[in-house]
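Remarks on the structure that follows.
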Amino acid sequence: MKNTEKISQFCRGIVSNSERIEDSQFLLILDEELKEVNLRDQEILIFELVTIEKLSYEEVAAQLNLSEKRIRNVYSEAKKKIKKAITNCI
399 MKNTEKISQF CRGIVSNSER IEDSQFLLIL DEELKEVNLR DQEILIFELV
449 TIEKLSYEEV AAQLNLSEKR IRNVYSEAKK KIKKAITNCI
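Residue numbers (the working numbering): 399 to 488.
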């Protein structure tokens, strides 16, 4: 099972300003939706580093020994999947 707790909390922060959904209910639904969009471990890690930890693409690329282009592509895919999961919740 993938650990998406940080992503779930981050998403909850985004939605809390626009939608009134009970926290526990939202997080349960979001966890299921994140499973449905099939986030890969690498997507989770890169999304967390760029969005939550506020690292640059260059810093993440150096830390993970990947190209900056690869980081951008994986991040873009993760962002699309997470956006879809949020949209399905509200």
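No residue lacks a Cβ here, since even glycine has one placed at the ideal position from N, Cα and C.
Determine the extent of the alpha helix (DSSP H) in which Arg468 is found, giving its start and end residues.
Per DSSP, Arg468 belongs to the alpha helix (DSSP H) from Glu466 to Cys487.
N-terminal and C-terminal residue of the alpha helix (DSSP H) that Val458 is part of
For Val458, the enclosing alpha helix (DSSP H) has its first and last residue at Tyr455 to Leu462.
Limits of the alpha helix (DSSP H) - the one that Ile444 falls within:
Start and end: Asp439 to Phe445.
Local Cβ density within 10 Å of Ser406, reported as buried at 16 or more and exposed below that
Burial call: buried.
Can you give the Cα-Cα distance for Ile480 and Leu432, rounded to whole angstroms?
Cα-Cα distance, rounded: 7 Å.
Which of helix, strand or coil DSSP assigns to Glu431:
It is helical.
Can you tell which of Ile488, Ser422, Ile484 and Asn401 has the C-alpha that lies nearest to the C-alpha of Glu441?
Selection Ile488, Ser422, Ile484 and Asn401 evaluated against Glu441 yields Asn401 as nearest (Cα-Cα).
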